[in-house]
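Colleague:
Residue numbers (the working numbering): 252 to 366.
#1: Please confirm if the segment 329-346 is in contact with the segment 302-310, defined as three or more CB-CB distances below 8 Å between the two stretches.
#2: Would you mind working out which of 263, 273 and 289 sits nearest residue 338, comparing C-alpha positions?
#3: Buried or exposed for residue 278, please, with buried defined as at least 16 other CB atoms from any protein chain shown within 10 angstroms of its CB.
#4: What is the rounded straight-line gap between the Cα of residue 274 and the Cα of residue 294?
#5: Is residue 311 helix, strand or coil by DSSP?
#6: Run through DSSP, which three-state label would residue 338 get?
#7: My output table needs one value for residue 270: the three-state DSSP class, helix, strand or coil.
#8: Around the C-beta of residue 263, are 16 or more other C-beta atoms found within 10 angstroms, so that it is buried, or is it exposed?
#9: Specify the secondary structure class of residue 285 as computed by DSSP and reduced to three states.
See the structure below:
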């Protein structure tokens, strides 16, 4: 695993700047969605919620915005797995900037040592 440099530790990212951090974006298909609400309950970031009601029909789920173009979605795919109709697709994945480093798995796995 790569270690953080001193510059990585000193840099404080601006989480509302899309150049530093891209948050996830989802597409909810209105024809497939039955508005069951599983995606709103399963989301670990609590970023999926129902929109404003217009008329008699229950609104489509949507991502709540933290700032213009910034959501709390980390594109984990929990809502995709929970959706019984397959009405959700990820249109943009999560890309963290700044001092976030991706964890990688060692090529050779070993069992944990016993105490």
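Where is the CB? At the ideal position from N, CA and C, for every residue including glycine.
Modeller: So, from the data block:
#1: By the Cβ rule, the segment 329-346 does not count as touching the segment 302-310, because fewer than three pairs are nearer than 8 Å.
#2: Position 87 of the chain shown, counted from the first residue, corresponds to residue 338. Among 263, 273 and 289, the Cα nearest to that of residue 338 is on 289.
#3: The sequence position of residue 278 within the chain shown is 27, counting from 1. That one is exposed.
#4: Taking the first residue of the chain shown as position 1, residue 274 is located at position 23. Taking the first residue of the chain shown as position 1, residue 294 is located at position 43. Roughly 14 Å separates the two Cα atoms.
#5: Your numbering for residue 311 matches position 60 in the chain shown. In this structure, residue 311 counts as coil in the three-state DSSP scheme.
#6: In the chain shown, the residue the question calls residue 338 occupies position 87. Here residue 338 sits in coil by DSSP.
#7: Taking the first residue of the chain shown as 1, we reach residue 270 at position 19. Secondary structure at residue 270: coil, using DSSP grouped into helix, strand and coil.
#8: Indexing the chain shown from 1 puts residue 263 at position 12. Residue burial is scored here from C-beta neighbours: residue 263 has fewer than 16 other C-beta atoms within 10 angstroms and is therefore classed as exposed.
#9: Within the chain shown, residue 285 is the residue found at index 34, counting from 1. In the three-state DSSP reduction, residue 285 falls in the coil class, being neither helix nor strand.
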